[in-house]
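Below is one structure; the comments refer to it alone.
See below:
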């Protein structure tokens, strides 16, 4: 009886390893640990930028459904906490072509098959910190899904920005969501299924 329990425990441990379950640290720039492993062993990463938390909720919903690793892009000098002040600074930076330095991410493209890029809509566009990160990494061999969150503006030019930044790459469909989402959001689930991630 004890031997059967030991074998069952070993089998569970091997299954967990095979599904890509990991125990990654939450240090700056490192992936946040997945809660659940993807069903088809597909290695998925979500790289996102967030200011108000809406895009973080989208990234976490993808992780909840797929077991994806999360990577949050952060600027070296943070934007102001005040939403109004931050939006005015972002508008000015976009108009003047200012590129804020970002913190390094402990992201290795070789570790993932699918990369999900998620951004808030900032003055009609994908957030510049995420655009800066995209320009810094080679995603040529990856399937890439793109998404944006918004507070009323909708898609705007976010997909166009991704297409320009990722010309020649293998892009899946784009998801646009209003505000924050729940971990089991039906629209997010449908988008992941449509792109073969569930």
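Residue numbers (mature numbering (1 follows the signal peptide of the UniProt record, and there is no 0)): -30 to -1, 1 to 168. Quick reminder that beta carbons are idealized off the backbone N, C-alpha and C, glycines included. It should be emphasised that the depicted structure is a prediction, and the values quoted were computed from it without experimental measurement.
In whole angstroms, give me the CA-to-CA distance for residue i and residue j.
{"i": "residue 127", "j": "residue 95", "result": "5 Å"}
{"i": "residue 58", "j": "residue 64", "result": "10 Å"}
{"i": "residue 16", "j": "residue 27", "result": "12 Å"}
{"i": "residue -10", "j": "residue 37", "result": "Note on residue -10: pLDDT 28, under 50, position unreliable in the model; no value is reported."}
{"i": "residue 138", "j": "residue 47", "result": "32 Å"}
{"i": "residue 141", "j": "residue 118", "result": "15 Å"}
{"i": "residue 20", "j": "residue 164", "result": "25 Å"}
{"i": "residue 86", "j": "residue 133", "result": "14 Å"}
{"i": "residue 162", "j": "residue 168", "result": "6 Å"}
{"i": "residue 154", "j": "residue 30", "result": "10 Å"}
{"i": "residue 98", "j": "residue 53", "result": "16 Å"}
{"i": "residue 106", "j": "residue 72", "result": "10 Å"}
{"i": "residue 44", "j": "residue 102", "result": "11 Å"}
{"i": "residue -5", "j": "residue 62", "result": "Caution is warranted here: a pLDDT of 30 is assigned to residue -5, below 50, making its placement in the model unreliable, and the coordinate value is therefore given only provisionally. Cα to Cα, the separation comes out at about 33 Å."}
{"i": "residue 108", "j": "residue 32", "result": "22 Å"}
{"i": "residue 78", "j": "residue 121", "result": "32 Å"}
{"i": "residue 151", "j": "residue 136", "result": "26 Å"}
From the DSSP output, in three-state form, read off residue i for me.
{"i": "residue 123", "result": "coil"}
{"i": "residue 118", "result": "strand"}
{"i": "residue 31", "result": "helix"}
{"i": "residue 5", "result": "Residue confidence is low: residue 5 scores 45 on pLDDT, short of 50, so the model does not pin down where it sits. No coordinate-derived value is stated."}
{"i": "residue 158", "result": "helix"}
{"i": "residue 90", "result": "strand"}
{"i": "residue 41", "result": "strand"}
{"i": "residue 104", "result": "helix"}
{"i": "residue 26", "result": "helix"}
For the beta strand (DSSP E) containing residue i, list its first residue and its last residue.
{"i": "residue 147", "result": "140 to 148"}
{"i": "residue 14", "result": "14 to 18"}
Starting from residue i, trace the alpha helix (DSSP H) both ways and give me its first and last residue.
{"i": "residue 56", "result": "53 to 66"}
{"i": "residue 128", "result": "128 to 135"}
With a threshold of 7 Å, establish whether the CB of residue i neighbours any heavy atom of the ligand COA.
{"i": "residue 65", "result": "Inclusion of the ligand COA in the displayed structure is not the case, the ligand content being empty and no account of it being possible."}
Under 8 Å: do the region 142 to 152 and the region 106 to 121 share three or more Cβ pairs, one atom per stretch?
Yes, since at least three Cβ pairs between the region 142 to 152 and the region 106 to 121 fall closer than 8 Å, the two stretches touch.
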